[in-house]
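To convert a position in the sequence shown, counted from 1, into this note's numbering, add 58.
Note that CB positions come from ideal geometry on N, CA and C, so glycine has one too.
What follows is a single structure, written as structure tokens, with notes after it.
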Amino acid sequence: MRAPLRRYQTGISFPGMIVIAIMVGFFVMCGIKMAPHYMEYLTVRDVVSRVAQEFNPEEQTIADIRRKLANLLNTNQVTGIKPREIEVFREDGKIYIDANYEARIHVAGRIDAMMRFDDLKMEAGVPRYD
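Here is the structure:
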């Protein structure tokens, strides 16, 4: 009676282990390739937030915001978004900084991954408590 039960309890096969290893390897590779872009996003978010918080509408202009953004992005070696791609505009008497952007990462062959960072629109001169 014990012999037939043992036949069904052999565990995972070698091809099954290979498939699982390939899947795990793919996700680890994607994580390794996406991590630098995510870290750069955190830097951009910090820079935009800092510039928005430090903005004083009585002493500074939109050109001052652009100059400060360009300096901070250059200092932090951000290459995923250029300072000219960041929109600084006035709407309803308030100044907004919109630094939303996308990053495309080559994964393998003809496969690319796209990361969309779309929470980088902030009102200048308003304290943020993230």
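Cut-off 7 Å between Cβ atoms - residues of its own chain near residue i, not counting five sequence neighbours on either side
i, result
"K91", "I163 and V165"
"N158", "F175, D176, L178 and K179"
"R103", "L178"
"E98", "V136 and G138"
Contacting residues, own chain, Cβ-Cβ under 8 Å from residue i (five flanking each side not counted)
i, result
"Y96", "M173"
Spatial neighbours of residue i in its chain, beta-carbon cut-off 6 Å, leaving aside the 5 residues before and after
i, result
"S71", "none"
"N134", "T101"
"P115", "G183"
Presumed contact (8 Å Cβ cut-off) between residue i and residue j, rounded CB distance
i, j, result
"I155", "V146", "5 Å"
"M180", "A110", "4 Å"
Residue i - DSSP class collapsed to helix/strand/coil
i, result
"A79", "helix"
"R168", "coil"
Those residues which DSSP pairs with residue i across a bridge
i, result
"R174", "E160"
"I120", "Answer is none; I120 lacks a bridge partner."
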